[in-house]
Amino acid sequence: MKGTYIGEFEELVLLTVGILFDDAYGLAIVDELEKQTGRNVMMSAVHKALVRLEDKGYLRSRMGGATETRGGRDKRLYTLTQAGTKVLNQSREMRNSMWKQVPKIVWEGGKI
């Protein structure tokens with residue numbers, strides 16, 4: 001498995017695959033990311049991230065059935081692997097730990 005670190009966008013893509021669970025494919029991932037983040041998301045950026053995350057072992061893909069709405073083309077569906085859920089948990093734990101270390105005065109707008 002390549003690298004063990006993920007960037008913010010990769011983390012968002014992994015989380016979105018988790019949210020979509022059994023229906024995580026390119027366009028659905030883009031739509032959900034835009035809905036969740038309020039950002040415009042490029043399909044090409046999502047596809048590149050999906051390839052990287054699969055190469056790292058955090059995602060697994062399989063071909064889903066063809067649909068009329070896709071002109072008879074199959075969908076590539078993504079699911080989190082055990083390593084993917086592990087890296088998401090590690091990321092959450094690290095962020096939570098760091099958030100807890102920020103002095104209360106920072107949030108109250110005082111001067112340090």
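Here the UniProt record's numbering is used: the first residue of the sequence shown is 1, the next is one more, and so on. Using N, Cα and C, we set each Cβ at its ideal position, and we do this for glycine too. For clarity, every value in this text was computed on a predicted model and none was experimentally measured.
Indicate whether the contact test is met: 3 or more Cβ pairs, each with one atom in the stretch 88-108 and one in the stretch 33-53, closer than 8 Å. no
Identify whether residue 79 lies in helix, strand or coil by the three-state DSSP scheme. strand
Would you call residue 77 buried or exposed, if buried means 16 or more other Cβ atoms sit within 10 Å of its Cβ? buried
Exposed unless 16 or more other CB atoms sit within 10 angstroms - verdict on residue 51: exposed
On the three-state DSSP scale, how would you describe residue 39? coil
Would the beta-carbon of residue 25 fall within 8 Å of that of residue 75? yes
Alpha carbon to alpha carbon, what distance is there between residue 104 and residue 34? 32 Å
Segment limits, alpha helix (DSSP H) that includes residue 19: 8-20
On the three-state DSSP scale, how would you describe residue 109? coil
Proximity winner among 81, 41, 40, relative to residue 53 (alpha-carbon distances): 81
CB contact below 8 Å: residue 48 versus chain C: Looking for chain C here will not work: only one protein chain is present.
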